[in-house]
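Q: I am attaching a structure below and will ask some questions about it afterwards.
Residue numbers (the working numbering), protein chains in the order written: chain Z, 12 to 125; chain G, 8 to 120.
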């Protein structure tokens, strides 16, 4: 499709389980971002990729969170040993010109940890 | 510390009325400034942006915003609201040289027919 695609749209898991969230950016966009949006809050930055490498991962909350983008296109956000506090909507965005801040967002993956 | 504030959590306006959503920021240097809109079932969409120059910027869907350096504000306006404008609006500064947008907590707009 033409936009940023995220799967799954909804994920329910149990505390302690491992979760993967996938993002397929707009074709040709070299910059890819992950944000997390908790209920009643604005999105919070997690990580930024330029190509295959993580150029800025300063927003990852702890070492249970990890993201990859092995071929410079699709990215996967991985969460180990999930906790109830990880429940949120995880947003992916891509950009052709990252320095401008013009991001194109997907609809998000809603994660619920029971 | 850098911060962004959207003082209004929820605003209700009648269709056809004018709208102003407030945004204040606290940064050492003037950041780039953005407004994004989040409609139900849709991803965040860029409405408009300010980098430098003319302090009144035009965006999509009839929205505009005015940058006021003296007030550290970047308020979003629309002269006549349509029912389809009901959504949540986020102000998001970005420090020059950074790749991170810092989003405010958002203002939810309800429109009365």
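Ideal Cβ placement from N, Cα and C applies to all residues, glycine included.
If you're wondering where the values come from, they're calculated on a predicted model, not measured in any experiment.
1) Can you give me the C-alpha to C-alpha distance between residue 72 of chain G and residue 29 of chain Z, rounded to a whole angstrom?
2) Starting from residue 122 of chain Z and walking both ways along the beta strand (DSSP E), at which residues does that stretch end?
3) For residue 100 of chain Z, which residues does DSSP report across the bridge?
4) Residue 48 of chain Z and residue 100 of chain Z - do their beta-carbons sit closer together than 8 Å?
5) Give the residues from the stretch 50-70 of chain Z that approach chain A closer than 9 Å (Cβ to any Cβ), ordered along the chain.
6) Can you give the beta carbon distance from residue 4 of chain Z to residue 35 of chain Z, rounded, assuming they're within the 8 Å contact cut?
7) Return no unless some Cβ of chain Z is closer than 8 Å to the Cβ of residue 108 of chain G.
8) Does any residue of chain Z have a CB that is nearer than 8 Å to the CB of residue 70 of chain G?
9) Any contact of the stretch 110-123 of chain Z with the stretch 48-56 of chain G, i.e. 3+ C-beta pairs under 8 Å?
10) Give me, in chain order, the residues of the same chain whose beta-carbon lies closer than 8 Å to that of residue 103 of chain G; leave out the 5 immediate sequence neighbours on both sides.
11) Would you report the Cα separation of residue 97 of chain G and residue 84 of chain G, rounded to the nearest angstrom?
12) Out of Z:22, Z:13, Z:60, state which residue places its alpha-carbon closest to the alpha-carbon of residue 122 of chain Z.
13) Round the Cβ separation of residue 51 of chain G and residue 114 of chain G to the nearest angstrom and send it over; I've been treating them as touching at under 8 Å.
14) Between residue 51 of chain G and chain Z, is the shortest Cβ-Cβ distance under 8 Å, so that the two count as touching?
15) By the 7 Å beta-carbon criterion, what residues does the stretch 88-114 of chain G contribute toward chain Z?
16) In chain Z, which residues lie less than 7 Å from residue 41 of chain G when you measure between Cβ atoms?
17) Using only alpha-carbon positions, find the residue among Z:54, Z:105, Z:27 that is nearest to residue 100 of chain G.
18) Should residue 72 of chain Z be flagged as near chain G, meaning a C-beta pair shorter than 8 Å?
19) By the criterion of Cβ-Cβ separation under 8 Å, what are the contact partners of residue 109 of chain Z in chain G?
20) For the stretch 53-65 of chain G, list every residue whose C-beta sits within 8 Å of some C-beta in chain Z, in sequence order.
21) Does the separation of the CB atoms of residue 19 of chain G and residue 111 of chain G fall below 8 Å?
22) Which same chain residues end up closer than 6 Å to residue 33 of chain Z when comparing Cβ atoms and leaving out the 5 residues on each side of it in sequence?
23) Step through the CB atoms of chain G and report whether any lies within less than 8 Å of the CB of residue 116 of chain Z.
24) Are the C-beta of residue 79 of chain Z and some C-beta of chain G separated by less than 8 Å?
A: According to the structure shown:
1) Within the second chain, the letter at position 65 stands for residue 72 of chain G. Within the first chain, the letter at position 18 stands for residue 29 of chain Z. Distance between the alpha carbons of residue 72 of chain G and residue 29 of chain Z is about 43 Å.
2) The residue given as residue 122 of chain Z occupies position 111 in the first chain. Taken as a continuous stretch (DSSP letters only), the beta strand (DSSP E) holding residue 122 of chain Z covers 120-124.
3) Taking the first chain and counting its residues from 1, the one referred to as residue 100 of chain Z is at position 89. DSSP lists Z:48, Z:121 as partners of residue 100 of chain Z.
4) Here residue 100 of chain Z refers to the residue found at position 89 of the first chain. Here residue 48 of chain Z refers to the residue found at position 37 of the first chain. Between residue 100 of chain Z and residue 48 of chain Z, the C-beta gap is smaller than 8 Å, which places the two residues in contact.
5) Of the chains in the structure shown, none is chain A; the protein chains are Z and G.
6) Because chain Z spans 12 through 125 in this model, residue 4 of chain Z falls outside it and cannot be assessed.
7) Here residue 108 of chain G refers to the residue found at position 101 when the second chain is read from its first residue. By this cut-off, residue 108 of chain G is an interface position.
8) For this step, residue 70 of chain G is matched to residue 63 along the second chain. Not one chain Z Cβ lies under 8 Å of residue 70 of chain G.
9) With three or more CB-CB distances shorter than 8 Å, the stretch 110-123 of chain Z counts as touching the stretch 48-56 of chain G.
10) The residue given as residue 103 of chain G occupies position 96 in the second chain. Closer than 8 Å at the Cβ level, and outside the excluded window around residue 103 of chain G, lie 36, 38, 39.
11) Within the second chain, the letter at position 90 stands for residue 97 of chain G. Within the second chain, the letter at position 77 stands for residue 84 of chain G. Using only the alpha carbons, I get a separation of about 13 Å.
12) As a first step, residue 122 of chain Z must be located in the first chain, where it is residue number 111. Closest by C-alpha distance to residue 122 of chain Z, out of Z:22, Z:13, Z:60, is Z:22.
13) As a working mapping, residue 51 of chain G is identified with position 44 in the second chain. As a working mapping, residue 114 of chain G is identified with position 107 in the second chain. Cβ-Cβ separation between residue 51 of chain G and residue 114 of chain G: approximately 14 Å, too far for a contact (criterion under 8 Å).
14) If you number the second chain from 1, residue 51 of chain G lands on position 44. Taking Cβ atoms only, chain Z reaches closer than 8 Å to residue 51 of chain G, which makes this a yes.
15) Going along the stretch 88-114 of chain G in chain order, one finds 97, 101, 106, 107, 108, 110, 111, 112, 113 with a Cβ nearer than 7 Å to chain Z.
16) Translated into positions along the second chain, residue 41 of chain G becomes position 34. Under the 7 Å cutoff, chain Z gives 112.
17) Taking the second chain and counting its residues from 1, one reaches residue 100 of chain G at position 93. With distances taken between CA atoms, residue 100 of chain G lies nearest to Z:54 out of Z:54, Z:105, Z:27.
18) Numbered from its first residue, the first chain carries residue 72 of chain Z at position 61. No, residue 72 of chain Z does not count as interfacial toward chain G.
19) Taking the first residue of the first chain as position 1, residue 109 of chain Z is located at position 98. Neighbours of residue 109 of chain Z on chain G, chain order: 106.
20) Within the stretch 53-65 of chain G, 53, 56, 58 place their CB atoms closer than 8 Å to a CB of chain Z, listed in sequence order.
21) As a position in the second chain, residue 19 of chain G is number 12, starting the count at 1. As a position in the second chain, residue 111 of chain G is number 104, starting the count at 1. Taking C-beta atoms as the reference points, residue 19 of chain G and residue 111 of chain G fail to come closer than 8 Å.
22) Here residue 33 of chain Z is taken as the residue at index 22 of the first chain, counted from 1. For residue 33 of chain Z, where only same-chain residues beyond five positions count, the Cβ hits under 6 Å are 18, 87.
23) Counting from 1 along the first chain, the entry for residue 116 of chain Z is found at position 105. It does: the Cβ of residue 116 of chain Z has a partner Cβ on chain G nearer than 8 Å.
24) Here residue 79 of chain Z refers to the residue found at position 68 of the first chain. Closer than 8 Å: no.
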